[in-house]
Amino acid sequence: ETGVTQTPRHLVMGMTNKKSLKCEQHLGHNAMYWYKQSAKKPLELMFVYNFKEQTENNSVPSRFSPECPNSSHLFLHLHTLQPEDSALYLCASSQEAVLGQGTGNTIYFGEGSWLTVV
Amino acid sequence: RKEVEQDPGPFNVPEGATVAFNCTYSNSASQSFFWYRQDCRKEPKLLMSVYSSGNEDGRFTAQLNRASQYISLLIRDSKLSDSATYLCVGGSDGQNFVFGPGTRLSVLP
Chain A
15 ETGVTQTPRH
25 LVMGMTNKKS
35 LKCEQHLGHN
45 AMYWYKQSAK
55 KPLELMFVYN
65 FKEQTENNSV
75 PSRFSPECPN
85 SSHLFLHLHT
95 LQPEDSALYL
105 CASSQEAVLG
115 QGTGNTIYFG
125 EGSWLTVV
Chain B
13 RKEVEQDPGP
23 FNVPEGATVA
33 FNCTYSNSAS
43 QSFFWYRQDC
53 RKEPKLLMSV
63 YSSGNEDGRF
73 TAQLNRASQY
83 ISLLIRDSKL
93 SDSATYLCVG
103 GSDGQNFVFG
113 PGTRLSVLP
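Those protein sequences? They're chains A and B, same order as listed. Each position in the first sequence, counted from 1, maps to that position plus 14 in this note's numbering. Each position in the second sequence, counted from 1, maps to that position plus 12 in this note's numbering.
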């Protein structure tokens, strides 16, 4: 079982739909992330939130809109997506948003949301 | 140059073999390193942290070579269940986690 839960696990949406991905972490962490993983591509960092504040937006198109109401919850709102946005979207959390020597700070992933845009 | 690089593989090895992967990093200030394992269609999971002096966890040994800026993962006595993609993660103080693209391992019966 995981301390980071994501819903839905699978989502099929049309290009004109609006949907949201939800993530909740039960680890008491302060930082949360959205990553995108496309077929045969490395993990792409999309957004970072630290203590509910967005600290990084990795040049993500505006059709992806994150929301972090508190340190335990993170949403990714999806609107007018393209077929090339089909991918595995992974939520993650860590104690802190950045690495620090000797802190043991590391990152834990949810099981992911498989998104297909048709 | 990408921050963290790995040979994508696949590495195809027989059961019982010893296999090693390297991961190079470009930021000489990087201090924290990890190895993650990702099974097909699953999320990455932490395998082990990498400490300066090197560390071992059962059949897995992680090493850090600061002079050449790489970390390594050695798997002894490979099992079929070790088949997965292995991701290295690096970064320095104040930096976000930086993932490598992963190395795919297939352990064959």
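Every residue, glycine too, gets a C-beta built ideally from N, C-alpha and C. Just so it is clear, the structure is predicted and the values come from calculations on it, not from any experiment.
One or two residues paired with leucine 120 of chain B in a DSSP bridge: B/Pro26
Using the three-state DSSP reduction, which class does proline 84 of chain B fall into: helix, strand or coil? Position check: residue 84 of chain B holds serine in this sequence, whereas proline was assumed. Looking at serine 84 of chain B - three-state DSSP - the assignment turns out to be strand.
Just list the residues that DSSP pairs cysteine 82 of chain A with in beta bridges. Beta-bridge pairing links cysteine 82 of chain A to no other residue.
For alanine 111 of chain A, return the contacting residues in chain B, with the cut-off set at a CB-CB distance below 8 Å. Asn108
Less than 9 Å between the beta carbons of lysine 54 of chain B and glutamate 81 of chain A, yes or no? no
What does DSSP give as the partner residue(s) for alanine 96 of chain B in the beta ladder? B/Leu117
At a Cβ threshold of 9 Å, is phenylalanine 123 of chain A touching chain B? yes
Helix, strand or coil for aspartate 69 of chain B per DSSP? strand
Against leucine 85 of chain B, what residues of chain A qualify as contacts under a CB-to-CB distance less than 8 Å, listed in chain order? Those do not exist, as leucine 85 of chain B stays about 16 Å from chain A at its closest Cβ, beyond 8 Å.
Serine 52 of chain A versus glycine 66 of chain B - alpha carbon distance: 32 Å
Hey, could you find the ends of the beta strand (DSSP E) threonine 19 of chain A is sitting in? 18–21
Residues of chain A with CB closer than 7 Å to the CB of proline 113 of chain B, please, in chain order. Pro56
Measure the beta-carbon distance from leucine 76 of chain B to isoleucine 87 of chain B and round it to whole angstroms, keeping in mind my assumption that it falls under 8 Å. That belief does not hold up - the Cβ atoms of leucine 76 of chain B and isoleucine 87 of chain B are roughly 17 Å apart, past 8 Å.
Taking the Cβ atom as the reference point for each residue, do serine 127 of chain A and cysteine 105 of chain A lie within a distance shorter than 9 Å? yes
Determine the contact status of tryptophan 48 of chain A and leucine 90 of chain A, defining contact as a CB-CB distance below 9 Å. yes
Of the listed residues A/Met29, A/Val132, A/Gln109, A/Tyr122, nearest to glycine 42 of chain A (C-alpha basis): A/Gln109
Quick one, are the C-beta atoms of leucine 58 of chain B and threonine 120 of chain A less than 9 Å apart? yes
Closest Cα partner of phenylalanine 45 of chain B within the set B/Arg116, B/Phe111, B/Leu120, B/Gly21: B/Phe111
Three-state secondary structure (DSSP) at glutamate 38 of chain A? strand
Between which two residues does the beta strand (DSSP E) holding glutamate 67 of chain A run? 67–71
Spell out whether any CB of chain B is found under 9 Å from the CB atom of asparagine 84 of chain A. no
Please tell me whether asparagine 31 of chain A has its Cβ less than 9 Å away from any Cβ of chain B. no
Helix, strand or coil, according to DSSP, for proline 97 of chain A in the structure here? helix
Of all Cβ atoms in chain B, is any one closer than 9 Å to the Cβ of leucine 129 of chain A? no
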